[in-house]
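Novice:
2 protein chains.
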Amino acid sequence: MQDPFLQKKQNILKEISQNSDDNLDASPKGTIDEHCIPIINLINTHPKMVTTSSCSGRVSVYLEGVQNNKIISKGNEGKWIFVTHDTSNLDNWYQNINFKYDITKFPTSENLRSILYKFEALILHVKCKDISTANKLYQIAMNCGFRESGIGSNYNVAIRISIKLDIPIGFMDESQYNEDGEESYNCFVSKEYLKYITKVSFDRFKENLKKLNQLHEAIDKFIKEDNDGNDEFIERIESVNIKEGWESKEERRARMIKEGLERKEKMRRTKLEEAIRNDDGNIQSLV
Amino acid sequence: MQDPFLQKKQNILKEISQNSDDNLDASPKGTIDEHCIPIINLINTHPKMVTTSSCSGRVSVYLEGVQNNKIISKGNEGKWIFVTHDTSNLDNWYQNINFKYDITKFPTSENLRSILYKFEALILHVKCKDISTANKLYQIAMNCGFRESGIGSNYNVAIRISIKLDIPIGFMDESQYNEDGEESYNCFVSKEYLKYITKVSFDRFKENLKKLNQLHEAIDKFIKEDNDGNDEFIERIESVNIKEGWESKEERRARMIKEGLERKEKMRRTKLEEAIRNDDGNIQSLV
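Right, here's the structure in full:
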């Protein structure tokens, strides 16, 4: 009989990869973020963990929506004017937006929709099989500086960090179109200010990626330690390769065995070298 | 023998109120926020919960610090230029700061310390006696829209919501003083922009307070339901009155009994009124 958690895990992963193929993800991008794939694949090698959602961090420019004549940040008519999960297309992003710059023109009515420039950091949701696994993952995240992490219901761990920007930059009138019939936006900060916060966002991306790598390493270390000398663990790994080119179950098994052997070999060498140092210098080379 | 959780709870509360008296709190203000006192007192009536830290929400203007020649957001030399937990002294806050406005002057070196304008929402940490209480509190918070809440180690629940602003507004040179020998700051947004984000902050405060009240009501409802018909519960309440004028253990006991009787009375009336509506109109008044 199959482990119910593993069965649930397989269903979740199947759904994620289907959604990813069909672009059905709720996010504006609709696919799993490139930067998240390594950590997702890593976490999913652990038999008691499964990733349920992720965002690697992003810059977005968001036009608030309207619902029942009330301005709200989500829902009807809310719109992403610009989104990027990477720095590669971040430079000069504002050149492609229909901004009308006027640093003296601020909204005069509450019915005008705000435009916000946001940096949002990595967020990762991981469903765990039991409270002990959830607690371990939570502790790892906290130790890596993801201080806004927490365990939710059913051992769902949310991994969050406070690297952010949340900046009002403009607004839109109800029916504001430019000559070509396209939407245009009032921008009450200067182009130089947009340039500056874009530069700051590069730093935020850098910091965010550094933390993502730190988290990756810490989880990797935990999984290896949890696994050490436990061959059954490897047997139970259900590797799901979201993207072509990632190692299969068999490849991962082979790599882990190889790495285990390498670690043992390294330990042997370290001990030998220590022995050499403590010796009178007669032994020259043993390896 | 006393319940170990209750003992811990009493120690924590004693420490909080001492710190509050002695201004030893780690926050710049050093005392418990006025707006948090009702919800803190409410939560602490529950025998399986104790509040460990809180911030009712605030606007702050923060000058980044320096450590090992590296700019960091916390630690050495980091400084709050302005903090308020209330809207009463928010208007025109920037008039009292030594700002040198120049919307064309941005930092040219990475060694310049940034100045950030922030709105941070309510945050509440509650230590619970067991996982079941922690789960209940977590669910209440999530249902009220505190979507960034989570349970940490030892049944510590963090209640968080994503109402925020995080805006770079200026910077400071290493030794920048005005004529009077006081620090002065470069501000690369206009006074009109500061005025606008201050106005936005009023809305954020309003939204935040609305959510705080919603949370208060939901926790109140939960505590009453948890308590209903359980006289022992009332006996075990360890009410700690952080501020004079708040009800004592005995007063709360009396109030809860009174409210219980009132609820029963109200239910009786509702049933009667329903009976009247279903009747042919012969009964005019029963109460």
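Chains as they are written, first to last, in the numbering used here: chain A, 2 to 288; chain B, 2 to 288.
Beta carbons are placed, not taken as given, at the ideal position from N, Cα and C, and that holds for glycine.
Mind the definition here: the segment 145-152 of chain A touches the segment 103-119 of chain A only if three or more C-beta pairs lie below 8 Å; say whether that holds.
Specialist: With a cut-off of 8 Å, the segment 103-119 of chain A and the segment 145-152 of chain A do not count as touching, because too few Cβ pairs lie within range.
Novice: Taking a contact to mean a Cβ-Cβ separation below 8 Å, would you say A/I44 touches A/I220 in this structure?
Specialist: As a position in the first sequence, residue 44 of chain A is number 43, starting the count at 1. As a position in the first sequence, residue 220 of chain A is number 219, starting the count at 1. In contact: A/I44 and A/I220 (Cβ atoms closer than 8 Å).
Novice: Should B/E208 be flagged as near chain A, meaning a C-beta pair shorter than 8 Å?
Specialist: By one-based count along the second sequence, residue 208 of chain B stands at place 207. No, its Cβ sits nowhere closer than 8 Å to a Cβ of chain A.
Novice: Is the CB-CB distance between A/Q140 and B/S150 below 8 Å?
Specialist: One-based indexing of the first sequence puts residue 140 of chain A at position 139. One-based indexing of the second sequence puts residue 150 of chain B at position 149. For A/Q140 and B/S150, no; Cβs fall outside 8 Å.
Novice: What does the Cβ neighbour count give for A/P48, buried or exposed, with the cut at 16 atoms within 10 Å?
Specialist: As a working note, residue 48 of chain A is residue 47 in the first sequence. The residue is buried, with at least 16 neighbouring Cβ atoms inside 10 Å.
Novice: Does any CB atom of chain B fall closer than 8 Å to the CB of A/V190?
Specialist: On the first sequence, position 189 is the one that residue 190 of chain A refers to. Closer than 8 Å to some Cβ of chain B, the Cβ of A/V190 qualifies, so yes.
Novice: Since A/S133 is in the alpha helix (DSSP H), which residue starts that stretch and which ends it?
Specialist: Residue 133 of chain A sits at position 132 when you count from the first residue of the first sequence. Residues I132 to N144.
Novice: Within 10 angstroms of its Cβ, does A/K196 collect 16 or more other Cβ (buried), or is it exposed?
Specialist: Residue mapping note: residue 196 of chain A aligns to position 195 of the first sequence, counting from 1. Under this definition A/K196 is an exposed residue.
Novice: With distances taken Cα to Cα, identify the nearest neighbour of B/I82 among B/Y95, B/I38 and B/F189.
Specialist: What you label residue 82 of chain B is simply residue 81 of the second sequence in a count that begins at 1. Here the closest residue by C-alpha is B/Y95.
Novice: Using DSSP with H/G/I as helix, E/B as strand and the rest coil, what is B/T85?
Specialist: Taking the first residue of the second sequence as 1, we reach residue 85 of chain B at position 84. Here B/T85 sits in strand by DSSP.
Novice: For A/E34 and A/N90, what's the separation of their Cα atoms in angstroms?
Specialist: The residue given as residue 34 of chain A occupies position 33 in the first sequence. The residue given as residue 90 of chain A occupies position 89 in the first sequence. The sequence shown places Asp at residue 34 of chain A, not Glu. Going by the C-alpha atoms only, they are around 15 Å apart.
Novice: If you draw a straight line from the alpha carbon of B/I198 to that of B/N228, how long is it in whole angstroms?
Specialist: Taking the second sequence and counting its residues from 1, the one referred to as residue 198 of chain B is at position 197. Taking the second sequence and counting its residues from 1, the one referred to as residue 228 of chain B is at position 227. Whole-angstrom Cα-Cα distance: 44 Å.
Novice: So for B/F203, helix, strand or coil by DSSP?
Specialist: The residue given as residue 203 of chain B occupies position 202 in the second sequence. Three-state DSSP puts B/F203 in a helix.
Novice: Are the CB atoms of B/K137 and B/N157 within a distance shorter than 8 Å?
Specialist: Walking along the second sequence from the start, residue 157 of chain B turns up at place 156. Walking along the second sequence from the start, residue 137 of chain B turns up at place 136. No, they are not a contact pair.
Novice: Helix, strand or coil: which one does DSSP assign to A/S154?
Specialist: Residue 154 of chain A sits at position 153 when you count from the first residue of the first sequence. If DSSP states are grouped into helix, strand and coil, A/S154 belongs with the helices.
Novice: Please report whether the beta-carbon of A/E16 lies at a distance below 8 Å from any beta-carbon of chain B.
Specialist: Along the first sequence, one-based indexing puts residue 16 of chain A at 15. Closer than 8 Å: no.
Novice: Under three-state DSSP, which class holds B/I168?
Specialist: Position 167 of the second sequence, counted from the start, is the residue given in the question as residue 168 of chain B. Three-state result, B/I168: strand.
Novice: Who are the Cβ neighbours of B/D131 in its own chain at under 8 Å, not counting the five residues just before and after it?
Specialist: For the purposes of this step, residue 131 of chain B is identified with residue 130 of the second sequence, where counting begins at 1. Contacts found: K49 and Y156.
Novice: Counting contacts by CB-CB distance shorter than 8 Å, is B/V201 in contact with chain A?
Specialist: Stepping through the second sequence from its first residue, residue 201 of chain B is reached at position 200. Yes, because at least one Cβ of chain A sits closer than 8 Å to the Cβ of B/V201.
Novice: By the DSSP assignment, the beta strand (DSSP E) with A/L64 in it spans what residues?
Specialist: Taking the first residue of the first sequence as 1, we reach residue 64 of chain A at position 63. Element bounds for A/L64: R59 to L64.
Novice: Rounded to a whole number of angstroms, what is the C-alpha to C-alpha distance between A/R192 and B/C188?
Specialist: Position 191 of the first sequence, counting from 1, holds the residue named residue 192 of chain A. Position 187 of the second sequence, counting from 1, holds the residue named residue 188 of chain B. Before going on, a small fix: residue 192 of chain A reads as Lys here, not Arg. Going from the Cα of A/K192 to the Cα of B/C188 covers about 16 Å.
Novice: Where does the unbroken alpha helix (DSSP H) through B/I41 begin, and where does it stop?
Specialist: What you label residue 41 of chain B is simply residue 40 of the second sequence in a count that begins at 1. Its alpha helix (DSSP H) spans residues I38 to I44.
Novice: Using the rule of at least 16 other Cβ atoms within 10 Å of the residue's Cβ for burial, across every protein chain shown, is A/P108 buried or exposed?
Specialist: Along the first sequence, one-based indexing puts residue 108 of chain A at 107. With 16 or more other Cβ atoms within 10 Å, it is buried.
Novice: Can you give me the C-alpha to C-alpha distance between B/K244 and B/I38, rounded to a whole angstrom?
Specialist: For this step, residue 244 of chain B is matched to residue 243 along the second sequence. For this step, residue 38 of chain B is matched to residue 37 along the second sequence. Bear in mind that the predicted position of B/K244 carries a pLDDT of just 48, short of 50, making it unreliable; the figure below should be weighed with that in mind. Those two C-alpha atoms are separated by around 8 Å.
Novice: Taking Cβ positions only, does A/E193 come closer than 8 Å to chain B?
Specialist: As a first step, residue 193 of chain A is located in the first sequence; it is residue number 192 there, counting from the start. Chain B, which has a Cβ nearer than 8 Å to the Cβ of A/E193, makes this yes.
Novice: Please confirm if A/I220 has its CB atom under 8 Å from at least one CB of chain B.
Specialist: In the first sequence, counting from the first residue as 1, residue 220 of chain A sits at position 219. Closer than 8 Å: no.
Novice: Which residue's Cα is closest to the Cα of B/S57: B/E16, B/T32 and B/G171?
Specialist: Position 56 of the second sequence, counting from 1, holds the residue named residue 57 of chain B. Closest by alpha carbon: B/T32.
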